[in-house]
Amino acid sequence: MVTLPSEQKPITTDTFLRGLWEENPVFVMLLGLCPTLAVTNTTVNAIAMGLATTFVLLGSSALVSLLRKQIPKQVRIASYIVIIATFVTIVDYAIHALSLELYNALGAFIQLIVVNCVILGRAESFASKHRISKSLVNALGVGAGFTFALLCLGTVREILGSGTLLGFPLFGDGFQPWVVMVLPPGGFFVTGAWLLLFAWLKERKQRKVAEQKEAVHAPG
Amino acid sequence: MTPEAQPQAPPMPSSVAMIRTLGLIAMIAGLLVVLAFQFTDPIIREKEHLALEKAVFQVIPGVEQGKARRVSFALGADGLVRLDETTAGDANLFAVYDDAGELAGIALQGSARGYQDVVHTLYGYDPDCECIVGLTIMKSTDTPGMGDKKTVEGNAKFMANFDGLSTKLTADKGGLAHPIETVKHGTKTQPWEVDAISGATISSRAIGKGLRESTGELLPLIAQHLPELKAAAETEANPDAEVIK
């Protein structure tokens, strides 16, 4: 059987799904935790940060992939950082123009997307080795995975910490918000709880696979 | 180790190739950033202008935004400078005139460090009663649910502090007779005291401190320039930013 080099392998659903689930940047690889913990105190902030990061991922992956044959190895990191910073600046202007309230709420964390290791990681390990279409699909998957993780955190933190979802009150006046959930410690608690859930799901899946194998190999 | 087993270092590309690549990337980056700036800058300016306009009319009660007029000034030790819309970014004083051209109030900015970051406020000052007549938070990243804009502005008891907060000047108009003081929740006894929010004392103190510093610096200067400020509604903005000494 002829094995194709990784660059020529076709785009499959796995190219997209890998970043969303199996290699989820937050829940599996534990990357980009700084914005994950800092801006997920409301669902809107989480969605905005997720979309901004996805945009930067798509833009930088496309440009890195396009220029991959021109960028000498010795200056690749400097090149990637300049490319990422460009798209972060664009997204910073875009959010500022879209909503002042959102821009103020996200604060310095938009600019800090530059140092989000999820993006540099994608540029270095994927976009610099694959053609543009495949890099874009992969970046979209990772972006969706990051947004999904942020949304998981933001929803739980907003419901428990403010008693609202997307700003709409869920409970009556008698609800006492669990304020710690919108504070930094709440970010750690909720991340920990989600990691626990994902670890449990993974373990259960592995156990089922092992049981099935045993059943197949069992005598009789 | 045999010579064949030694790892082969990749050949070093020429400096020209590296400079060319970095130059090309910098050029693409510059082009994209400039395009994004050109496209979003007018929208951002317009939004900031509208947000400021809304905030100014929010802190000065009794005027209708549609009928009243706002004029921006830069007030400092070297004088009062009237600004037009293109230079309004440097403004630190916004005078509001009613439809009859009378000075209805003055909006000023205050800022001091809060729990997370600097809390920026805008407050309305009435030179006739020498008191603060309204306040809004322009920017605060303090704890959501405790010291953020929505929670603080939603606290009617705390906001009532800024409905007639005394900022009386001394007889020679050289300073405040009683600088604004933030006191512990439920212990306010004087008209120049701000009753803090229980559980958000740091945010309350930041708002009080921002007001104290801003009023201490600007109100004596306003007293000096009050006749010019009252008359400013009658004259149109000078594009050369006329200095009223």
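Quick mapping for you: the protein sequence lines, in order, are chains A and B. Residues 1 to 220 (our numbering) make up the first sequence, in order. Residues 221 to 465 (our numbering) make up the second sequence, in order. Heads up, the beta-carbon is just placed ideally off N, CA and C, and yes, glycines get one too.
Starting from Ile-132(A), trace the alpha helix (DSSP H) both ways and give me its first and last residue. 132-162
Distance check for Ser-61(A) and Ser-79(A), CA to CA, integer angstroms please.
12 Å
Along chain A, in chain order, which residues have C-beta atoms closer than 8 Å to that of Glu-268(B)? Leu-100
Review point. Start and end of the alpha helix (DSSP H) containing Val-182(A)?
Key: Counting along the chain, Val-182(A) falls outside any alpha helix (DSSP H), and DSSP gives it neither H nor E.
In chain order, each alpha helix (DSSP H) run of at least 4 residues that lies wholly inside the region 49-128 of chain A: 76-98, 100-106 and 117-125
Mapping the DSSP letters down to three states, classify Cys-34(A) as helix, strand or coil.
helix
If I measure Cβ to Cβ from Phe-378(B) and keep anything under 6 Å in the same chain, skipping five residues before and after, which residues do I get? Ile-417
*Going straight from the alpha carbon of Gly-243(B) to that of Val-82(A), what length do you get?*
11 Å
**OP:** Assign His-217(A) to one of two classes, buried (16 or more other C-beta atoms within 10 Å of its C-beta) or exposed (fewer than that).
**Re:** exposed
Give a yes or no on whether 9 Å exceeds the smallest Cβ distance from Lys-222(A) to chain B. Examination of residue 222(A) is not possible in this model, given that chain A is present from 1 through 220 alone.
Neighbourhood of Leu-63(A) by C-beta distance below 7 Å, restricted to the same chain and skipping five residues each side: Ile-83
Report task. Using only alpha-carbon positions, find the residue among Phe-87(A), Gly-50(A) and His-96(A) that is nearest to Ala-271(B). Result -> His-96(A)
For this session: Let me know the beta strand (DSSP E) ranges lying completely inside the region 418-462 of chain B, each 3 residues or longer, listed in chain order.
Result: none
- Through-space distance from Ala-123(A) to Met-238(B), alpha-carbon basis: 18 Å
Residues that Leu-252(B) contacts on chain A, provided the C-beta gap is smaller than 7 Å = Thr-86 and Ile-90
query = In terms of DSSP beta bridges, what is Val-291(B) paired with?
reply = Ala-315(B)
Three or more C-beta pairs under 8 Å: does that hold for the region 438-453 of chain B against the region 409-428 of chain B? no
Exercise for the section: Output the distance between the C-alpha atoms of Ala-85(A) and Thr-36(A), rounded to the nearest integer angstrom. Expected result: 19 Å
Buried or exposed (CB count within 10 angstroms, at least 16 for buried), Lys-465(B)
Its pLDDT being 39, under 50, Lys-465(B) is placed unreliably by the model, and the measurement read from it follows with that caveat. Exposed, since its Cβ has fewer than 16 Cβ neighbours within 10 Å.
Consider the Cβ of Ile-263(B): report whether some Cβ of chain A lies at a distance smaller than 9 Å.
yes
Inset, instruction - Run the CB neighbour count on Leu-255(B), radius 10 Å, all protein chains shown included, and call it buried at 16 or more, exposed below. - result: exposed
Contacting positions in the region 104-115 of chain A - beta carbon closer than 7 Å to chain C: This model lacks chain C altogether; the protein chains it does include are A and B.
Problem - Inter-stretch contact at 8 Å, needing at least 3 Cβ pairs: the region 177-184 of chain A / the region 155-162 of chain A - result: yes
Practice task
Identify, in the order they occur along the chain, each residue of the same chain with its Cβ nearer than 6 Å to the Cβ of Gly-216(B), setting aside the five sequence neighbours on each side.
Solution key: A question about residue 216(B) goes unanswered here, because the residues of chain B that appear run from 221 up to 465.
Discussion item. Counting only beta-carbon separations shorter than 9 Å, does Thr-43(A) have a partner in chain B?
Written reply: no
Is any beta-carbon of chain B found at less than 9 Å from that of Ser-133(A)?
no
- In angstroms, rounded to a whole number, what distance separates the CA positions of Glu-273(B) and Arg-131(A)? 50 Å
*In chain B, which residues lie less than 8 Å from Val-179(A) when you measure between Cβ atoms?*
Thr-363, Gly-365 and Met-366
| field | Proximal residues of chain B, C-beta to C-beta of Ser-162(A) below 8 Å | value | Pro-364 and Gly-365
Does any residue of chain B bring its CB to less than 9 Å from the CB of Ala-94(A)? yes
Problem set entry | Identity of the residue in Thr-390(B), Val-353(B) and Leu-252(B) nearest Val-283(B) by Cα | Val-353(B)
field: Euclidean distance between Cα positions of Arg-157(A) and Leu-57(A)
entry: 26 Å
Query raised in the report: Going by other Cβ atoms of all chains shown within 10 Å of its Cβ, with 16 needed for buried, is Met-1(A) buried or exposed?
Result: Note that Met-1(A) has pLDDT 48, beneath the 50 cutoff, so the model's placement of it is unreliable and the number below is only indicative. The residue in question, Met-1(A), is exposed, as its Cβ has fewer than 16 Cβ neighbours within 10 Å.
Quick check on the burial criterion: 16 or more other C-beta atoms within 10 angstroms. Buried or exposed for Asn-458(B)?
In this prediction, Asn-458(B) scores a pLDDT of 46, lower than 50, which makes its location untrustworthy; no coordinate-derived value is stated.
Worksheet item: Do the region 132-140 of chain A and the region 23-35 of chain A meet, that is, are 3 or more Cβ pairs less than 8 Å apart?
Response: no
message: Would Ile-427(B) and Ala-332(B) be called neighbours here (beta carbons separated by less than 9 Å)?
response: yes
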